[in-house]
Amino acid sequence: MPKPKALLMFVAVLLGGWGESMTDTLTTTEARLDSPSIVTLQQTPEGYMLLKNGEPYIIRGAGGSSHLGLLKESGGNTIRTWDAEGIAPLMDEAHELGLSVLVGIWLEHRRHGYDHENPEHRKHDLDRVEGFVKQFRDHPALLGWGVGNELELGGDLDIAIEQIKLASSKIKELDPNHPTMAVIAEIGEDKAVRIQNECPDIDLIGINSYGGMGTVGQRAMNQGYSGAYAITEFGPVGFWETGVSSWGAPYEQSSGEKADFLRRNYADTIQANLGKQCVGSFAFLWGNKQEKTETWFGLILPTGERTEMIDVLTEFWTGEPPKNRAPRVLGLKTDADAAKMSPGQTIEVAVEASDADADALETEWRVMPESGVRSEGGDAEPEIAPVPIAIELIDATHARITLPQEAGAYRIFATVRDGHSNAGTANLPILIIQP
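My numbering puts the sequence shown at residues 283 to 717.
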């Protein structure tokens, strides 16, 4: 039986980094740093490693397109994009900061209207691939190519594999000097091994994994996958994986609970396997977005504050905590029944918060309507505005609030700030019932 092709498996859960025994620091001259990068995947007696310009490279990354200076300051070295449209300034900024970029090339999804039998649709995908590869293949910040993202969601795995196969073949034809990575949503029963066996021009496989991240490496091996992996997205438990209220609202972890979850999964799945099957990871999301709530996945709040998840990543990436740590927020509670609240009712709310640096804390309280959107694969959702409420502050972590007059499903949000550009969050779903 022929030896299985070695692949990089970029598994996306929500973590980052590599072992401290390896270094990603390039010891090249300035002239070489400004020349096109050459990135390869090397099999070692222990497992796998990436080499960038001949030097070992451990991915300590995150997905996003902003706050690159903070990523560098936190010990990160790589940013991941989902598409290459308009990223030329980001590529240049990353290079100036000494960061690398995993450039994603978006391939169209069936749920968005893609028809694999339509030659114009196939041509559209491949024309974009060719254009972006030619544009960025010689950029010194380029680490590799992300071939699509979760193409199989809401569609057909056979079609997704065919798209990945065609796109990666075109990429390799144009750029043999950088690895290709196919990104899938979790691993299913056979996704990873099928891509390994059916896509000869894919070097790296990326899996986005959230609630199941702690076991994703072992599960990939169990289905016959024999290559390396990286986590391309990881973070909290997803809203599709968590428990729900009696009226169907998913419960979001507090920022402290997310940090604990991230720490455990990073240690078990990333850190313990660095230099073996794992070559690094990309945390999700280096920035923020509305996806079920405005705080579910963002490591940085819409108002710009860092959260405790970045503190955890900083410790893994640098071996030291940040100089000033984010408030630790573990939950939010109220003195009323969350499932039976009345229009205009006044309730007391409290957030469990502390600060390791003994910084004075302030809490912002808001009430927002529950999102009625259940998106798939990170599709865009409309932002939600808070509703007007009366707030009486009791102390730094307690308040009385008067609920909206209109019945319906809402969330109470608490944002705890320390005055040093750090914050923690928690929210609680509530149901207001008309008498």
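The C-beta atom is built at its ideal place from N, Cα and C for all residues, glycine as well. Note that the structure is predicted; figures quoted are calculated from it, not measured.
Within the same chain, P518, V519, Q535 come within 7 Å of F543 by CB-CB distance, once the 5 residues on both sides are set aside. Around the beta-carbon of N704, 16 or more other beta-carbon atoms lie within 10 Å, marking it buried. If you draw a straight line from the Cα of V475 to the Cα of S636, it comes to about 45 Å. Segment contact: the stretch 378-389 against the stretch 424-431, three or more CB-CB distances shorter than 8 Å; contact assigned. Under the three-state reduction of DSSP, L389 is assigned to coil, being neither helix nor strand. Comparing C-alpha distances from G613 to each of W529, G538, G586, P686 shows the shortest one belongs to G538. Per DSSP, V611 is one residue of the beta strand (DSSP E) stretching across 610-616. Under the Cβ criterion (8 Å, minimum of three pairs), the stretch 673-689 counts as touching the stretch 638-647.
In terms of Cβ geometry, A531 and A691 form a close pair [threshold 8 Å]. Annotated three-state conformation of S703 is coil, per DSSP.
Distance from A449 to D485 at the Cβ level is roughly 13 Å; contact not present, criterion being Cβ atoms closer than 8 Å. The beta-carbon separation of G626 and L685, rounded to 6 Å, stays under the 8 Å limit for a contact.
Distances from the alpha-carbon of P482 to those of F516, I446, D457 put I446 closest.
Per DSSP, D409 is one residue of the alpha helix (DSSP H) stretching across 401-418. In the structure shown, the three-state DSSP call for S382 is strand.
Under the criterion of beta carbons closer than 8 Å, V561 and M331 qualify as touching, at roughly 6 Å. Bounds of any beta strand (DSSP E) do not take in W522, whose DSSP letter is neither H nor E. Nearest C-alpha to G557 among Y339, A621, D316: Y339.
T363 and A638 have their C-alpha atoms spaced approximately 33 Å apart.
Listed in chain order, the non-local C-beta contacts of V411 below 7 Å within the same chain comprise I387, A449, K452, I453, local neighbours out to five positions each way being set aside.
Put simply, the backbone Cα of I513 is about 43 Å away from that of E688. Taking A640 as reference, the option from N504, I552, R545, H702 with the minimal CA-CA separation is H702. In the DSSP assignment, V669 falls outside any alpha helix (DSSP H) and carries neither an H nor an E.
Distance from the Cα of D550 is smallest, within the candidate group G496, L595, S563, T596, for G496.
The way I'd put it, the stretch 519-529 doesn't touch the stretch 464-478; fewer than three beta-carbon pairs between them come closer than 8 Å. W599 carries a helical assignment under DSSP once its states are collapsed to helix, strand and coil.
Measuring C-alpha to C-alpha distances from P584 to each of I629, A667, T360 identifies A667 as the nearest. Taking 8 Å as the cut-off, the Cβ atoms of A621 and L713 count as close. Each residue's CA atom was taken as its position, placing I552 and M503 some 15 Å apart. In the same chain as P664, and ignoring 5 residues on each side of it, the C-beta atoms closer than 8 Å to its own belong to Q572, V655, in chain order. The alpha-carbon separation between E587 and A662 amounts to approximately 22 Å.
Burial is judged here by how many other beta carbons sit within 10 angstroms of a residue's own beta carbon; S491 has at least 16 and is buried. Residue state for Y339 is assigned as strand, using DSSP reduced to three classes. Per the DSSP secondary-structure output, H680 pairs in a beta bridge with A632, D677.
In the DSSP annotation of this structure, the continuous segment of the beta strand (DSSP E) that includes R362 starts and ends at 360-362. When only Cα atoms are considered, N335 and E523 end up about 40 Å apart.
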